[in-house]
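Protein chains: 2
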Amino acid sequence: MRFDIAHLGLFTYSNRDEAGELMPRNKTTVTSHDVARLAGVSQASVSRAFTPGSSLSPEKREKILKAADQLDYIPNSIASSLNTARTNTVALVIGDIDNPFYVRVQRAFMTALQNRGYQTLTFTVEPEASPDEAIRRVLRFRVDGIILTAAQLSTRTASLCEDRGIPLVLFNRYIPGLELPVVRCDNFGGGKLMGQTLYAAGARTFSVLKGDPLGTTSKDRVEGFQMSLLEQGIRSEAIETLEAGSTYDGAFAAMEARYPSAEDLPDAIFGVNDIMAMAACDWIRHRLGKAIPADVLVAGFDNIPEGGRIAYGLTTLEQPIDAMVTEALELLDDELNEEPRSSIPTERIVPSSLVWRDTVPRP
Amino acid sequence: MRFDIAHLGLFTYSNRDEAGELMPRNKTTVTSHDVARLAGVSQASVSRAFTPGSSLSPEKREKILKAADQLDYIPNSIASSLNTARTNTVALVIGDIDNPFYVRVQRAFMTALQNRGYQTLTFTVEPEASPDEAIRRVLRFRVDGIILTAAQLSTRTASLCEDRGIPLVLFNRYIPGLELPVVRCDNFGGGKLMGQTLYAAGARTFSVLKGDPLGTTSKDRVEGFQMSLLEQGIRSEAIETLEAGSTYDGAFAAMEARYPSAEDLPDAIFGVNDIMAMAACDWIRHRLGKAIPADVLVAGFDNIPEGGRIAYGLTTLEQPIDAMVTEALELLDDELNEEPRSSIPTERIVPSSLVWRDTVPRP
DNA sequence: CTGAAAGCGCTTACAG
DNA sequence: CTGAAAGCGCTTACAG
């Protein structure tokens, strides 16, 4: 039988009585006072029972926990946040949710954050929308920290966070002029590596599917790619560049516009991310009827599982998500715990490595 | 020049002084009291200025807003939640984040919720983990409502929510024995329709790639499919059923195990969701070297964009995400605003429609 | 170890 | 329309 708590001044009756008539819904919340009364202790002790590390005799804790269980007491973290100025919540602002890579990034963050005792407040920023708006909403909510990925941010908003002591960590993206801690893949180095790889595979004319023109990620990859080819003696006219907007559809459209027929095709196509490379593969195989790698080489960046499937067999550069997420959370932790930030903003750069598959055969 | 707020008793200095020395970081938060002092009004008026619909003279509001802007004041929603017992946050519990369909569902909910002034607290439930645990975490946080998709839930946890007056809406999933509002696709009807379609296309032997055995979604689709075929006179031995776990990899492995060579292939394969159907396509085309639809028919369910790409051209059943999300939010709203819940738990069933593409040609 | 008390930053009757 | 005051449900010095 359920413990009778009527004498505690709470109302408890279920939604419907025996006859099936509607009864007012019980919305009374059980507070620490109720538990205290039932356990015969002070409210402060109840609070202590739910605060790891606070001093409380084992017997008392036991008794309190039992009473709490009896009443289905769940501590109100809103109230506790008001005291501690800690919400145990981290905001994750994601720009490019259409890219499976960022879906995986999101998941990795959520899992890792959960394991560290944080909730995740996810914000997606629609392509047209400004992340500044998102950040302001985030700030009302008093999150403990913010992780920003694939999105722009104004200087003013960044300092808004800084003024409030809310750490901001950039993921795979840096903002020129803002001294913010960053974790990112070595995009420039990856681009270079891909240039060398494609050159070594025999390609002499190239096309690059570029991503978000506002993001540094695409820009760095493209620049690294171009530089390594230039170093090999390729003339810049032999490296074509296509705006493809980071998406499958954007890349598909770009391919359609630039390569309506197979004659114009270059020796190799570098998709600055995997989904764009996959779009190129689809266009080449299914519309142009050409073979990869026999007629054209195609390579991507990210190593999303979709590209590894047998239908694509995409040769690409790996971005080690888990390692990057771990680094990012470490930086966030540093920010959370160190009062004055060290003067040099931290930048952690994770290398990317080549994943050989079918669209560029291993030499 | 920035307004001087030193006399307000706040500390404001930047991180580093002129010499570049570290200074204590300013973590002082500006509160409604600070704004009140600056504007020369009561703290209550400041609160009113930020509460739509509360009575306040336009001039006073103006003055307050100006002062707030000057101080970079952002109201603390934690404090306000403590009063109103409303967090303006909805929890979204998602089970199957590996399925692009649910990624889209998540996005649709986040956008819609955002437009209605809610934050979204997303919880992913890892395959092994229990959603009950997730819900308990959610409850500490005092969310206003919960949307549960692709995950199981115990009766005890459901009543925990009910006791607290926190509405729970099930998305594309119902829990036998629990009277909870539900929005779902007509999975059974869709399954039936697909059975008829494949039969009409000439198929007489079938294989079904089944999803999560614990979920009702897969179960209903399979049952509808089987029933319609039985009605057409197909014997049950001609309808094979494969456990494929709702994922691409699971379906690929199931195909590999059951159809190591092309001889055994049935006339038609029904993937209970699109990614499983896509896995079947990949296996058949790239491993078995057979053609679709010439050698086998393949169909899916969901109509994710990936299946519509030229590489697949998957014939499938559409699940209208936006309509379903809208319905779900309507139900949630009803629950949020109606004190006593209407006695019959609401169930909204959205029909699915056939999307003709290449893997099953239109008759 | 434990309780009484102040306080976190708001909202909202209650009087004017 | 507006202010003083109580209170939301906790945490945390402060004394014992």
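If you're matching them up, the sequences are chains A and B in order. Just add 3 to wherever you are in the first sequence, counting from 1, and you've got this note's numbering. Just add 3 to wherever you are in the second sequence, counting from 1, and you've got this note's numbering. C-beta atoms are modelled at their ideal positions from N, C-alpha and C, and glycine is treated no differently.
Cβ of residue i within 8 Å of any chain A Cβ
| i | result |
| --- | --- |
| His-289 (chain B) | yes |
| Thr-349 (chain B) | no |
| Asp-75 (chain B) | yes |
| Met-197 (chain B) | no |
| Met-230 (chain B) | no |
| Thr-362 (chain B) | no |
| Val-353 (chain B) | no |
6 Å CB neighbourhood of residue i in its chain, flanking five on each side removed
| i | result |
| --- | --- |
| Gly-253 (chain A) | Ala-247 |
| Arg-351 (chain A) | Val-186, Glu-330 |
| Asn-389 (chain A) | Here chain A has residues from 4 to 366 only, and residue 389 (chain A) is not among them. |
| Thr-125 (chain A) | Leu-95 |
| Ala-70 (chain B) | Val-38, Leu-41, Ala-42 |
| Ser-239 (chain B) | none |
Beta carbon proximity, residue i to chain B, threshold 8 Å
| i | result |
| --- | --- |
| Thr-127 (chain A) | yes |
| Gln-122 (chain A) | yes |
| Ile-313 (chain A) | yes |
| Thr-34 (chain A) | no |
| Met-258 (chain A) | no |
| Met-327 (chain A) | no |
Option nearest residue i by Cα separation, candidates the options
| i | options | result |
| --- | --- | --- |
| Ile-67 (chain B) | B:Val-49, B:Ile-77, B:Ser-57 | B:Val-49 |
| Asn-175 (chain B) | B:Leu-196, B:Gln-322, B:Asp-267, B:Tyr-202 | B:Gln-322 |
| Ala-331 (chain B) | B:Arg-145, B:Val-185, B:Ala-265 | B:Val-185 |
| Ala-260 (chain A) | A:Asp-277, A:Arg-290, A:Leu-233 | A:Arg-290 |
| Ile-169 (chain A) | A:Asp-147, A:Met-281, A:Thr-34 | A:Asp-147 |
| Thr-123 (chain B) | B:Val-93, B:Pro-134, B:Thr-152, B:Ile-138 | B:Val-93 |
| Tyr-251 (chain A) | A:Ile-237, A:Ala-241, A:Gly-227, A:Cys-284 | A:Cys-284 |
| Asp-37 (chain A) | A:Ile-77, A:Ala-203, A:Ser-58 | A:Ile-77 |
| Met-279 (chain B) | B:Asn-102, B:Leu-163, B:Ile-81 | B:Asn-102 |
| Gln-155 (chain B) | B:Pro-134, B:Arg-145, B:Phe-144, B:Pro-55 | B:Pro-134 |
| Asp-361 (chain A) | A:Met-258, A:Val-328, A:Ser-45, A:Ala-297 | A:Ala-297 |
| Tyr-202 (chain B) | B:Ala-71, B:Arg-365, B:Gln-109, B:Gly-180 | B:Arg-365 |
| Phe-144 (chain A) | B:Lys-195, B:Ala-82, B:Gly-205, B:Ser-58 | B:Ala-82 |
| Arg-385 (chain B) | A:Gly-310, A:Asp-75, A:Thr-32, A:Ser-60 | What is shown of chain B runs 4 to 366, which leaves residue 385 (chain B) out entirely. |
| Leu-317 (chain A) | A:Ser-80, A:Val-328, A:Val-301, A:Val-33 | A:Val-301 |
| Ala-137 (chain B) | A:Asn-118, A:Ala-132, A:Arg-139, A:Phe-126 | A:Asn-118 |
| Pro-354 (chain A) | A:Ala-314, A:Ile-313, A:Pro-55, A:Gly-193 | A:Gly-193 |
| Thr-152 (chain B) | B:Met-197, B:Arg-207, B:Arg-167, B:Thr-219 | B:Thr-219 |
| Val-31 (chain A) | B:Leu-163, B:Phe-104, B:Thr-32 | For clarity, residue 31 (chain A) is Thr in the given sequence; the question names Val instead. Closest by alpha carbon: B:Leu-163. |
| Asp-336 (chain B) | B:Leu-196, B:Ala-265, B:Ile-149, B:Pro-308 | B:Ile-149 |
| Ile-97 (chain B) | B:Val-141, B:Leu-59, B:Met-197 | B:Val-141 |
| Leu-435 (chain A) | A:Ala-204, A:Lys-195, A:Pro-216 | This structure cannot speak to residue 435 (chain A), because chain A is shown only from 4 to 366. |
Close beta carbons around residue i, own chain, < 8 Å, minus the five adjacent residues each side
| i | result |
| --- | --- |
| Val-299 (chain B) | Leu-268, Pro-269, Asp-270, Ala-271, Ile-272, Ile-287, Lys-293 |
| Glu-165 (chain A) | Leu-171 |
| Gly-43 (chain A) | Lys-66 |
| Leu-183 (chain A) | Ala-161, Leu-171, Val-172, Leu-173, Tyr-177, Pro-348 |
Beta-carbon proximity list for residue i, same chain, < 7 Å, skipping 5 on both sides
| i | result |
| --- | --- |
| Tyr-89 (chain B) | Reading off the sequence shown, one finds Arg at residue 89 (chain B), where the question assumed Tyr. Within the same chain, Arg-89 (chain B) has close Cβ partners Asp-147. |
| Val-275 (chain B) | Val-211, Leu-212, Lys-213, Gly-214, Ser-221, Arg-224, Val-225, Phe-304 |
| Ser-157 (chain A) | Asp-135 |
| Ser-57 (chain B) | Arg-51 |
| Leu-181 (chain A) | Thr-158, Ala-161 |
| Ile-324 (chain A) | Arg-107, Val-108, Ala-111 |
| Pro-308 (chain B) | none |
| Leu-59 (chain B) | Ser-48, Arg-51, Ala-52 |
Residues of the stretch 128-144 of chain B with a CB closer than 8 Å to any CB of chain A: list them in chain order, please.
Glu-129, Arg-139, Arg-140, Leu-142, Arg-143, Phe-144
Along the stretch 77-109 of chain B, what residues have a CB closer than 7 Å to any CB found in chain A?
Ile-77, Pro-78, Asn-79, Ser-80, Ile-81, Ala-82, Ser-84, Leu-85, Thr-90, Ile-100, Val-106
Segments of 4+ residues assigned as alpha helix (DSSP H) that fall wholly inside the stretch 60-111 of chain A
61-74, 80-87
Inside the stretch 131-195 of chain B only - alpha helix (DSSP H) runs reaching at least 4 residues:
134-143, 158-166
Scan the stretch 264-291 of chain B for residues whose Cβ lies nearer than 9 Å to a Cβ of chain A and list them as they occur along the chain.
Met-281, Ala-282, Cys-284, Asp-285, Trp-286, Arg-288, His-289, Arg-290
Using a Cβ-Cβ cut-off of less than 8 Å, give me the residues of the stretch 162-182 of chain A that come near chain B, in sequence order.
Leu-163, Glu-165, Asp-166, Arg-167, Gly-168
Runs of 4 residues minimum, wholly inside the stretch 246-300 of chain A: which ones carry the alpha helix (DSSP H) assignment?
251-261, 277-285
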